[in-house]
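Asker: For what it's worth, full-length UniProt numbering labels the leading residue of the sequence shown as 1, then goes sequentially.
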Amino acid sequence: MCGLLTFISAHGTASLFKGPIGDAVEHLHHRGPDETGVELIDDDAVLSHKRLSIIDVASSHQPMWYADGRYVMTFNGEIYNYKELRAELIANHGATFATDGDGEVILAGYHHWGPSVTTRLRGMFAFVIWDRRDRRAFGARDPFGIKPMFYLQTNDGVFFASEKKALMPFVDSRDIDEVNLSHYLTLQYPPEPGTMHRAVKRIGSGYQVVFDPGAPNERAAAVTSARYYRADFQPRPVDDPKRLYDEILDVLRESVRIHMRSDVPVGAFLSSGIDSTGVVALAREFNPEILTFTMGFDVPGHYNELDVAQESARAMGVTSIGTKIGAREMMEELPRIVWHLDDPVADPALVPLYFVAKKAAEYVTVAIGGEGADEFFAGYPIYREPLSLKGVQSLPQSMQSGLRAVSKVIPEGVKGKSFLERGTTPLEERFVGNANIFGEAEKQLLMRRYNPEVRYTDVTGPVYAECMGLDPTTRMQYVDIYTWLRGDILVKADRMSMAHSLEVRVPFLDPEVFKVAAKVPLDQKVPSRIAGQTKHALRMALESVVPPAIVNREKMGFPTPTRVWLKDEMFEWADHILATSNAGEYLDLNYARKLLRDHKAGVADNSRKVWTVLVFCTWFAIFVEKSLDPGIRRANSQLAHKPAVGSVVA
């Protein structure tokens, strides 16, 4: 895994930016502490790179050159089918290679196949290639957005970066995008393609981009983008469920096998659920000595997954390394966590992920996880909602309108009110993804400049339009893939692992796995005959490899006890942040403090709302007014070398 920062000049003056680019790429040191490369290319471009050596450790330096110096590239990610592509390029095109790594395959593929190379890559990636002959930049991001790519277009040219913080020296930090602030307050993350700064955008998942600067004294063209991949669900009836389960298991086993390719140690995250347990069970087939890492909290009850995860590890015959944190560690590390995020993401689960990645990085350089299984195979409990609402939703519109009117006069808290409200609300307005923090009425109280014309449907509406004709549950999956997955799940996986120079790989998020997941019918996802169950087909597929107690265990993830701590250990800390933050120019922090006091008093569970505001205040202090030092340089200086344990090459 690596970090890249590239500048393509619009006027042939790239030499002026070599020094600033060299300075700015140091903000990405955590992504690649092994090696730094900064090169000026013909006064047209500056390509810089921070390398975390995973494959072909001794070679594969970046920026990387190809075809007698015609192309030069910076690349972040891993191409898992690089060996197969390399053999194909040699056999069919006579391609030559100077390295044994995966990055050079992208360059050779682009040389021989052009932009269609992106459709052949099986992996996680973000890269920029500069073609010196045609004076054109070409870049792409992987199909599901596992690896990030930001860009900034200015009068001087275009900047591309793995993290937004590397672009901040070239941006007005106070130019906040208040539209995305409004979306953040609802979704708990700013949705793609925007960011919390108006000037900085993100390349979409499954998109490739081109920038042609033209002649030095001409006006440069804008960055253009084209979509090369879309998740196309095509559920179909199944005559033989056993054949489907075998197909799921086979494609997952193959995906895990190629995700284990590495010249450095590979471990795995292990929670108490079936997703990560299934990945570990398959990974141990290729490396019986694989180390697993689990997170827990100093809070009794369901917040501590260590016992279940370690019992699963024993059943599978693998080593489990656990770690626990308390409220103090969470408060102390929040500034560093937010700095690594670039933009505020108010998912409390990123905190335990940060700490389990920190522990894993003491032992390995690569870890595999279970992200993506819920979106592909319908694992979230909310995906069962269309089944429970089917009776109401099938009524004539006139009857639904009457029930909707009845729901409005039922007092808050009375049983049945929420059911009637949701049952008479169209899916497109009812489901906005796996987080719905502040509603419009509360945002009107919280935001200093609330704009009623900005709605969450601005984000979800175009996505819903792409999946017309599918059943409601599958539409929910599709919406989550293009909102929640890439806006929350994959952001926290990438940033929280790279904070510790640890690469996380996600075998579920593989195009070949999706081909199988895409055809799973509704009754094999959320069967009406089994109350409460989700991702049924996946559970049945993994039944033969995971411990029996895990097969039907409900989804937990890494649950975080913010609800408990904000009432006690974290109350004074949270109240102090809200009382002293200068983010009050955007949010009414007195209203937020009332939410906190009501939470402590037990009036309502406001923990997610309070946490959303706390993360924004911390982000504002770091990235906007720059009054809070997260201590990143000190943390980077403490990065330790990992002890030697057996590496795996599959």
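The beta-carbon is built from N, C-alpha and C at its ideal position, and this holds for glycine as well.
The structure presented is a predicted model; accordingly, all values stated were derived computationally and were not measured.
Taking 8 Å as the threshold (C-beta atoms), are Leu502 and Thr277 in contact?
Answerer: Contact flag unset, no.
Asker: What is the DSSP secondary structure of Cys467, reduced to helix, strand or coil?
Answerer: If DSSP states are grouped into helix, strand and coil, Cys467 belongs with coil.
Asker: Taking only three categories from DSSP, how would you classify Thr483?
Answerer: Reduced to three states, the DSSP call for Thr483 is helix.
Asker: Under 6 Å Cβ to Cβ from Ser225, same chain only, skipping five residues before and after it: list those, please.
Answerer: Closer than 6 Å at the Cβ level, and outside the excluded window around Ser225, lie Tyr207, Val209.
Asker: In terms of alpha-carbon separation, which member of Arg505, Ala231, Pro235 lies closest to Ala357?
Answerer: Here the closest residue by C-alpha is Arg505.
Asker: Around the C-beta of Thr186, are 16 or more other C-beta atoms found within 10 angstroms, so that it is buried, or is it exposed?
Answerer: The residue is buried, with at least 16 neighbouring Cβ atoms inside 10 Å.
Asker: Give the secondary structure of His49 by DSSP, where H, G and I count as helix, E and B as strand, and everything else as coil.
Answerer: His49: strand per DSSP, three-state reduction.
Asker: Counting only the same chain and skipping the five closest in sequence on each side, list residues whose C-beta sits under 8 Å from that of Leu40.
Answerer: Closer than 8 Å at the Cβ level, and outside the excluded window around Leu40, lie Ala14, Ser15, Lys18, Val46.
Asker: Can the beta-carbon of residue 665 be found closer than 8 Å to that of Ser9?
Answerer: Any question about residue 665 goes unanswered here, given that the chain covers just 1 to 650.
Asker: So which of Gly109, His259, Val345 has the shortest CA-CA distance to Glu192?
Answerer: Among Gly109, His259, Val345, the Cα nearest to that of Glu192 is on Val345.
Asker: Starting from Lys324, trace the beta strand (DSSP E) both ways and give me its first and last residue.
Answerer: Residues 319 to 325.
Asker: By the 10 Å Cβ neighbour count, where 16 or more other Cβ atoms means buried, how is Thr96 classified, buried or exposed?
Answerer: Exposed, by the Cβ-count rule.
Asker: Distance check for Gly379 and Pro472, CA to CA, integer angstroms please.
Answerer: Cα to Cα, the separation comes out at about 14 Å.
Asker: Taking all protein chains shown into account, do 16 or more other C-beta atoms lie within 10 angstroms of the C-beta of Ala231, making it buried, or fewer, making it exposed?
Answerer: Buried is the call here.
Asker: Determine the contact status of Gly109 and Arg120, defining contact as a CB-CB distance below 8 Å.
Answerer: Their beta carbons are under 8 Å apart, which means Gly109 touches Arg120 by this criterion.
Asker: Starting from residue 653, follow its DSSP beta bridges and name the residues at the other end.
Answerer: Nothing can be reported for residue 653: it is not among the residues displayed for the chain, which extend from 1 to 650.
Asker: Do the CB positions of residue 687 and Pro235 come within less than 8 Å of each other?
Answerer: Examination of residue 687 is not possible in this model, given that the chain is present from 1 through 650 alone.
Asker: For Glu572, count neighbouring C-beta atoms within 10 Å of its own C-beta (all shown protein chains included) and say buried if the count is 16 or more, exposed if not.
Answerer: Glu572 should be labelled exposed.
Asker: Thinking Asp494 and Pro148 are a contact (beta carbons under 8 Å), I'd like their distance in whole angstroms, please.
Answerer: Confirmed, Cβ separation roughly 6 Å.
Asker: Within this structure, are the beta carbons of Leu181 and Phe170 separated by less than 8 Å?
Answerer: Taking 8 Å as the Cβ cut-off, Leu181 and Phe170 do not qualify as a contacting pair.
Asker: Just tell me which of Ala221, Pro352, Arg227, Gly123 has its CA closest to the CA of Ser271.
Answerer: For the residues Ala221, Pro352, Arg227, Gly123, the minimum Cα distance to Ser271 belongs to Pro352.
Asker: Just mark Leu244 as buried or exposed, buried being the case when its beta carbon has 16 or more other beta carbons within 10 Å.
Answerer: Leu244 is buried by the Cβ-count criterion.
Asker: In angstroms with no decimal places, state the Cα-to-Cα distance between Trp619 and Asp347.
Answerer: Between Trp619 and Asp347, the C-alpha separation is close to 14 Å.
Asker: Taking 8 Å as the cut-off, does the segment 446 to 456 touch the segment 584 to 600 (at least 3 CB pairs, one atom from each stretch)?
Answerer: Output reads yes: the segment 446 to 456 touches the segment 584 to 600.
Asker: Could you give the distance in angstroms between the alpha-carbon of Glu311 and the alpha-carbon of Ala499?
Answerer: Whole-angstrom Cα-Cα distance: 29 Å.
Asker: Please give the ranges of any beta strand (DSSP E) in the segment 174 to 246, keeping only runs that are unbroken, at least 3 residues long and fully inside the region.
Answerer: The segment 174 to 246 contains these whole beta strand (DSSP E) runs: 200 to 202, 207 to 211, 224 to 227.
Asker: For Ile79, write down the residues that DSSP places opposite it in a beta bridge.
Answerer: DSSP output for Ile79 lists Gly123 as bridge partner(s).
Asker: Please list the terminal residues of the continuous beta strand (DSSP E) segment that includes Phe297.
Answerer: Element bounds for Phe297: 291 to 297.
Asker: Indicate the three-state DSSP secondary structure (helix, strand or coil) for Met260 in the structure shown.
Answerer: In the structure shown, Met260 sits in coil (DSSP, three-state: anything other than H, G, I, E or B).
Asker: Please state whether the Cβ-Cβ distance between Asn81 and Cys2 is less than 8 Å.
Answerer: Not a contact, by the Cβ cut-off of 8 Å.
Asker: Closer than 8 Å by C-beta to Leu605: which residues in its own chain qualify, once you throw out the five before and the five after it? Chain order, please.
Answerer: Checking the sequence shown, residue 605 turns out to be Asp, not Leu. The answer, listed in chain order, is Arg563, His599.
Asker: Given that a residue counts as buried once 16 or more other Cβ atoms are within 10 Å of its Cβ, and exposed if not, what is Arg314?
Answerer: It counts as exposed.
Asker: Between which two residues does the beta strand (DSSP E) carrying Leu538 extend?
Answerer: Leu538 -> not in any beta strand (DSSP E); alpha helix (DSSP H) instead, spanning 536 to 542.
Asker: Taking just the CA atoms, how far does Pro288 sit from Arg133?
Answerer: Between Arg133 and Pro288, the C-alpha separation is close to 49 Å.
Asker: Is it true that the CB of Ile368 sits closer than 8 Å to the CB of Val279?
Answerer: Yes, the Cβ-Cβ distance between Val279 and Ile368 is below 8 Å.
Asker: Which residue's Cα is closest to the Cα of Met168: Asn155, Ala199, Glu385?
Answerer: Ranking the options by Cα distance to Met168, first place goes to Ala199.
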